[in-house]
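A quick write-up on the structure given underneath.
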Amino acid sequence: MEIRYASHPAEVKHFDTERLRKEFLIETLFVPDKLTAVYSHVDRFLVGGALPVKEPVKLEADKKEMGSDYFLERREIGIINIGGAGIVTADGVRYELAPRDCLYIGLGTRDVTFASNDAANPARFYYNSSPAHKSYPTVKAAIEEAAPVHLGSLSTSNERTIYKYIHGGGIRSCQLVMGMTLLKDGSMWNTMPCHTHNRRSEVYLYFDMPEDGVVFHMMGEPHETRHLVVRNEQAVFSPSWSIHSGVGTTSYTFIWGMAGENQEFDDMDPVAMKDLK
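Numbering (UniProt numbering), first residue to last: 1 to 277.
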């Protein structure tokens with residue numbers, strides 16, 4: 001398990017490209033037959049992936065770093081499959097996850113494993129996890145069951161559909177919020193005009209990008225913006241004080257996950273375009 005510590009915005013303004021990438025970018029999430037895990041001290045967020053090819057992958061706790069006997073002893077988790085069809089088994093119950101299906105698993109679930117239906121087209125399970133104080137039921141949601149919100153337009157290069165999976169009006173959780181945004185062909189911008197939300201942090205996973213495609217992910221305080229060059233299946237931590245927006249060389253898809261003080265999707269502090277620097 002990799003550990004990331006919280007960074008003060010006054011320090012981040014002095015980071016060079018290498019330091020920015022080290023602190024905020026997750027470059028490798030999917031390793032064949034392995035579980036990856038990156039633990040952030042910002043809202044105790046845990047982000048990772050499972051890529052079962054030859055054998056199932058178990059969701060295991062790092063006892064030294066997490067201080068728990070099993071991963072979900074004091075946590076909840078949201079999982080979205082961005083690969084081929086697969087299976088998540090939670091305490092003996094099997095859940096079939098087609099591409100872009102989501103599964104929420106609550107506090108206290110002891111045994112979780114990930115498997116693929118076809119090794120030639122393996123599932124790619126991306127997960128976000130946050131601390132939990134109450135056990136909510138395990139729930140699966142296909143993309144057709146998610147709450148869609150259509151935003152933007154082609155004239156501003158940001159026509160997109162937001163699918164909400166884990167939120168106050170959908171799958172219930174303690175503090176985790178999770179969903180996915182699909183950009184229409186010809187659109188490249190996400191979350192612009194941008195915003196911050198001081199009550200919760202956020203993580204973006206970018207995918208559905210060609211090998212030579214990149215997203216320039218904007219971060220930092222509105223008056224001290226920086227950028228990260230992000231490639232396919234890489235993720236970015238966004239602390240509560242930072243904007244989180246991006247523009248790609250092509251259209252793409254991204255998964256957003258949030259954790260913090262509240263779960264109100266619209267609770268944000270908008271930043272006027274004229275105030276960005």
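Where a beta carbon is used, it is the ideal one built from N, C-alpha and C, also for glycine.
- Proximity to residue 261 across 200, 207, 224 peaks at 200, based on C-alpha coordinates.
- The Cβ atoms of residue 47 and residue 272 lie no closer than 8 Å to each other.
- Counting only runs of 3+ residues, the beta strand (DSSP E) found wholly inside the segment 54-133 occupies 75-81, 86-90, 93-97, 102-105, 112-116, 125-131, in chain order.
- Within the same chain, 158, 159, 160 come within 6 Å of residue 152 by CB-CB distance, once the 5 residues on both sides are set aside.
- Going by beta carbons, residue 80 and residue 94 fall outside the 8 Å limit.
- For residue 127 against residue 67, the beta-carbon gap comes to about 19 Å, at or over 8 Å, which does not count as contact.
- For residue 18, the enclosing alpha helix (DSSP H) starts and ends at 17-24.
- The alpha-carbon separation between residue 29 and residue 141 amounts to approximately 23 Å.
- The alpha carbon of residue 74 has as its nearest neighbour, out of 110, 178, 155, 40, the alpha carbon of 110.
- Secondary structure note for residue 12: its alpha helix (DSSP H) is the uninterrupted segment 9-12.
- Between residue 35 and residue 60, the CB-CB gap stays under 8 Å.
- Only residues of its own chain outside the window of five on either side were considered, and among them 90, 93, 95, 103, 104, 105, 106, 109 have a CB closer than 8 Å to the CB of residue 138, listed in chain order.
- By the neighbour-count definition (other C-beta atoms within 10 Å, threshold 16), residue 17 is an exposed residue.
- Contact annotation: residue 202 and residue 244 have beta-carbon atoms nearer than 8 Å.
- If you compare the alpha carbons of 86, 187, 218 with that of residue 239, the shortest gap goes to 218.
- In the structure shown, residue 143 falls within a helical segment according to DSSP collapsed to helix, strand and coil.
- In the displayed model, residue 156 falls within a helix according to three-state DSSP.
- The three-state secondary structure of residue 178, taken from DSSP, is strand.
- When secondary structure is reduced to three states using DSSP, residue 277 falls in the coil class, being assigned neither helix nor strand.
- Residue 164 sits buried, since 16 or more C-beta atoms from the chains shown fall within 10 Å of its C-beta.
- Beta-bridge partners assigned by DSSP to residue 206: 234, 254.
- The Cβ-Cβ distance between residue 57 and residue 88 does not fall below 8 Å.
- Residue 210 and residue 185 have their alpha carbons spaced roughly 13 Å apart.
- By the criterion of a C-beta distance shorter than 6 Å, residue 77 is surrounded in its chain by 105, 127, 129, once the five residues flanking it on both sides are discounted.
- Here DSSP, grouped into helix, strand and coil, assigns residue 216 to strand.
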